[in-house]
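In the working numbering, each residue's number is its place in the sequence shown (first place is 1) plus 8.
For each residue, glycine too, the CB sits at the ideal point set by N, CA and C.
Inspection log for the structure reproduced underneath, given as structure tokens.
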Amino acid sequence: MEGQNTVGRRYFAILIGINDYPKKPLSGCVRDVQSIKAHLESVLVDSIEIHILTASSSTSEPAQDGAARPTYENAKSAFDTVASRARDGDFVYIHYSGHGTRTEPNYDSPFSNKTAGDLALVLHSGHGNDPRYFRGFELASLLNAMVENGVAVSLVLDCCFSASVYRHDDGNVRFLPYDAEIASKYPPDSIGRLMDGIDHPALREVSMLPNWLMNPHRYAILTACGPDEEATEAKFDDQRHGALSYYLLETLNEFGLTVIFKCVYDRLRAKFKRAGFRQSPVLYGNTYQGILGQAKSGIAATAVPIVEKKDGTLQLQAGGAHGVNEGDRFRLYSLGSSQESSGSRGQSVDAEVICLRALTSDLTQPPEAAVRVRTGWMARALTRRCLRSFPMGLASGLPNCAEWLTALDERSLDGHIDSDKCPSAFSVILSDDREYRVLDEHNEVLENVPRMQQDKTGVHEAANVLEHLARFQMIKDLANETPNESFRDTFRVHILSKGKPFSAGGLVEVENNGSARLVMENHGDQVLYFFVYVLGPCWQVENVNKATYLVITPPNEEKGLRSRAERTLTMTIPDQLKKRGHSSCVDVIKVFVTSQPTSFDLLELPKLGEQAKLNENRRFNRQGGSTQENWAAMNFSVRTFDRTPNSGLHISS
Numbered sequence: 009m010e011g012q013n014t015v016g017r018r019y020f021a022i023l024i025g026i027n028d029y030p031k032k033p034l035s036g037c038v039r040d041v042q043s044i045k046a047h048l049e050s051v052l053v054d055s056i057e058i059h060i061l062t063a064s065s066s067t068s069e070p071a072q073d074g075a076a077r078p079t080y081e082n083a084k085s086a087f088d089t090v091a092s093r094a095r096d097g098d099f100v101y102i103h104y105s106g107h108g109t110r111t112e113p114n115y116d117s118p119f120s121n122k123t124a125g126d127l128a129l130v131l132h133s134g135h136g137n138d139p140r141y142f143r144g145f146e147l148a149s150l151l152n153a154m155v156e157n158g159v160a161v162s163l164v165l166d167c168c169f170s171a172s173v174y175r176h177d178d179g180n181v182r183f184l185p186y187d188a189e190i191a192s193k194y195p196p197d198s199i200g201r202l203m204d205g206i207d208h209p210a211l212r213e214v215s216m217l218p219n220w221l222m223n224p225h226r227y228a229i230l231t232a233c234g235p236d237e238e239a240t241e242a243k244f245d246d247q248r249h250g251a252l253s254y255y256l257l258e259t260l261n262e263f264g265l266t267v268i269f270k271c272v273y274d275r276l277r278a279k280f281k282r283a284g285f286r287q288s289p290v291l292y293g294n295t296y297q298g299i300l301g302q303a304k305s306g307i308a309a310t311a312v313p314i315v316e317k318k319d320g321t322l323q324l325q326a327g328g329a330h331g332v333n334e335g336d337r338f339r340l341y342s343l344g345s346s347q348e349s350s351g352s353r354g355q356s357v358d359a360e361v362i363c364l365r366a367l368t369s370d371l372t373q374p375p376e377a378a379v380r381v382r383t384g385w386m387a388r389a390l391t392r393r394c395l396r397s398f399p400m401g402l403a404s405g406l407p408n409c410a411e412w413l414t415a416l417d418e419r420s421l422d423g424h425i426d427s428d429k430c431p432s433a434f435s436v437i438l439s440d441d442r443e444y445r446v447l448d449e450h451n452e453v454l455e456n457v458p459r460m461q462q463d464k465t466g467v468h469e470a471a472n473v474l475e476h477l478a479r480f481q482m483i484k485d486l487a488n489e490t491p492n493e494s495f496r497d498t499f500r501v502h503i504l505s506k507g508k509p510f511s512a513g514g515l516v517e518v519e520n521n522g523s524a525r526l527v528m529e530n531h532g533d534q535v536l537y538f539f540v541y542v543l544g545p546c547w548q549v550e551n552v553n554k555a556t557y558l559v560i561t562p563p564n565e566e567k568g569l570r571s572r573a574e575r576t577l578t579m580t581i582p583d584q585l586k587k588r589g590h591s592s593c594v595d596v597i598k599v600f601v602t603s604q605p606t607s608f609d610l611l612e613l614p615k616l617g618e619q620a621k622l623n624e625n626r627r628f629n630r631q632g633g634s635t636q637e638n639w640a641a642m643n644f645s646v647r648t649f650d651r652t653p654n655s656g657l658h659i660s661s
């Protein structure tokens, strides 16, 4: 493998692997982190400072000395050392393989997860192999010391925190039930003191930072599974590893340390599903961050992972809920080639959707002579039939109309000349001052569309703007036209503003920098998955939860699990609108609910006129949850207004 460019950058790693537990010892955790260590050293050589703490249960291996044992104090010392040495622009990689546990929620703490309980890593206490908990908010405090200094932090947790595994007695599951005696023996420091340094800024126009999560632009966290699943060890090449660690290392060996988390995540999801594991990784934070190092630049191409099923069927990890239609064509290519080109015809093959479901779709088989498509390949859309539902009108006096029509057709858009005779979702005219203007269906000029001077804007550049607008409208309109009523009865979603509940379809009004509460409830007997997106006034679509999905389990008083989750939505008027005299704006909060894990990141859009983030390869479905592909979507309009008198232009949205 070619070496990584390390000039001017410093790299740190904290690796913790524990096999040695008094109850339920494990087999592959030490091997996991030793393999990661060897890979980091082979790539970064002397440019990385590695702190490794391990405890093997094998009597054939020499015992680690005291400073190398995975004790609570040694772990804290490693974090403190790295935090004191790492500076702005440096990179830190943290990998934990061992048991996790789930503590009961602390209903008096704003940082506690009231829905699924709180995570803790099971370390050693320093008295033999007796366990001691390293609680999630303690971990967050130590990570925060790094990210606030401008350090890019990558955290991989190959363990689980699932309440669902209480009933299992599987020695391969990386979970230990919570023990109140252990917790009382080693009480944590004051939560308030630990969390004082954690800032919760308004990072976006709509912000929804969950619990103790820090600035999401500076870290990425990859966990082995969701809170309703089990992280297991399995045999790979006749040796036991954590599934997450094994597939992660396989990916890093093939694509390097600077591959972004999104690409890794896509590949891991597909690998897990193909192997039949009933777990799937969950991704938090900045998913465009490199695993360890500056992410490679690349082109923006939304892509979907492919799974080659055991019968040879190629399954696209997206379906009708994502705006996919039968007949849509995709270019399939390996992850490696996607970083070098936009799925060019080198190592690629084209396929068509032939069987559409809610969350997944089947593709046509490539010709026998074509390259074999394997699990982990990506699919980039060539045609999107759903976009033809938003016809584009072209003014009859528009120059180069034939070129316009060709450019629109290449983007799966229907164009026609003279919008007065045919209804149009959007229309383009050329103003007297030689600017392209985009009109809505009522022939009103659209707000917040970048200026497009004719002499500086090519037809294809303008067509990209129209495609963006059509995609935005498609996402806004996405709804299940044939809902399963019994599924619809299993949840409730509403927004609370000043104590008043608002159902989907209503208008919520919030003062600038004010907040409302999004309330999501599970009334059924199966796990549900919630996804929260904001469709903003600058034509952007963003994941405001900064996580793959939010899991809400059925109510279970015995395990302290609530069937309800609340998130605070902080609303602000974008600065670019205020500078133009706007004193209000409208966001649409779109909530998807599914019976299976999936991802709607395929739908994300940057602000109109901004470049999409690099390598927008998206993450999707896995095995587990309900076998039925049920889904629902609902929209909440939120008007944010400023009471401050404004002498400039006053425009209400």
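Contact between the stretch 157–164 and the stretch 92–104 is established, with three or more Cβ pairs separated by less than 8 Å. In this model, T383 and K317 are separated by some 8 Å (Cα to Cα). Distance between V446 and K615, taken at the CA atoms: about 16 Å.
Where C593 is concerned, the enclosing beta strand (DSSP E) starts and stops at 592–602. Buried is the label assigned to S591, since at least 16 other Cβ atoms lie within 10 Å of its Cβ. Residue pairing by DSSP places Y541 opposite N551, K598 in a beta bridge. Of V53, P545, E418, the smallest CA-CA separation from F480 is found for P545. Contact annotation: the stretch 329–337 touches the stretch 393–402, with at least three C-beta pairs closer than 8 Å.
For H107, there is no enclosing beta strand (DSSP E), since its DSSP letter is neither H nor E.
Remark: fewer than three beta-carbon pairs, one from each stretch, lie closer than 8 Å, so the stretch 257–269 and the stretch 370–380 are not flagged as touching. Contact annotation: the stretch 18–33 touches the stretch 41–60, with at least three C-beta pairs closer than 8 Å. The C-alpha of T490 lies about 20 Å from the C-alpha of G532. Per DSSP, the continuous beta strand (DSSP E) segment holding E529 begins and ends at 523–530.
Ranking A76, R570, D485 by CA distance to the CA of K598 puts D485 first. V457 sits close to V473, with the two beta carbons spaced by under 8 Å. In this structure D236 is buried. Its beta-carbon is surrounded by 16 or more other beta-carbon atoms within 10 angstroms. For Y273, no beta strand (DSSP E) run applies; the uninterrupted alpha helix (DSSP H) run containing it begins and ends at 269–283, by DSSP. Taking C-beta atoms under 8 Å as the contact rule, G335 and A366 fail to qualify, at a distance of about 17 Å.
Annotation for Y80: no beta strand (DSSP E) segment contains it, though the alpha helix (DSSP H) segment containing it runs 80–93. Between F538 and V601, the C-beta spacing is below 8 Å. Here F480 carries a helix assignment [DSSP, helix/strand/coil]. For the pair T498 and A641, the Cα-to-Cα distance works out to about 14 Å. If only complete runs of 4 or more residues are kept, the stretch 318–400 shows the alpha helix (DSSP H) at 343–346, in order along the chain.
About 6 Å separates the beta carbon of Y541 from that of E550, a gap short enough to meet the 8 Å contact definition. Closest in C-alpha terms to N521, from the list M579, L536, I560, Y296, comes M579. Less than 8 Å divides the Cβ of L127 from the Cβ of F169. Counting the other CB atoms within 10 Å of its CB gives C430 a total below 16, which places it among the exposed residues. A direct Cα-Cα distance of roughly 55 Å separates S85 from A471. In this structure L402 is in contact with W412, their Cβ atoms being roughly 5 Å apart against a cut-off of 8 Å. Annotation: T259 is outside any beta strand (DSSP E); the continuous alpha helix (DSSP H) that includes it extends over 251–263. Shown here, Q287 sits in coil according to DSSP, grouped into three states, outside any helix or strand.
Pairing Y80 with L34 gives a Cβ-Cβ distance that is not under 8 Å.
Note on I44: 16 or more other CB atoms within 10 angstroms of its CB, so buried under the neighbour-count rule. Within the same chain, Cβ atoms closer than 6 Å to the Cβ of T648 are found at V518, N520, M579, I581, C593, the five residues on either side in sequence being excluded.
Of the residues assessed, K506 falls on the exposed side of the cut-off, its CB having fewer than 16 other CB atoms within 10 angstroms. In the assembly as shown, R570 is a buried residue. Its beta-carbon has 16 or more other beta-carbons within 10 Å.
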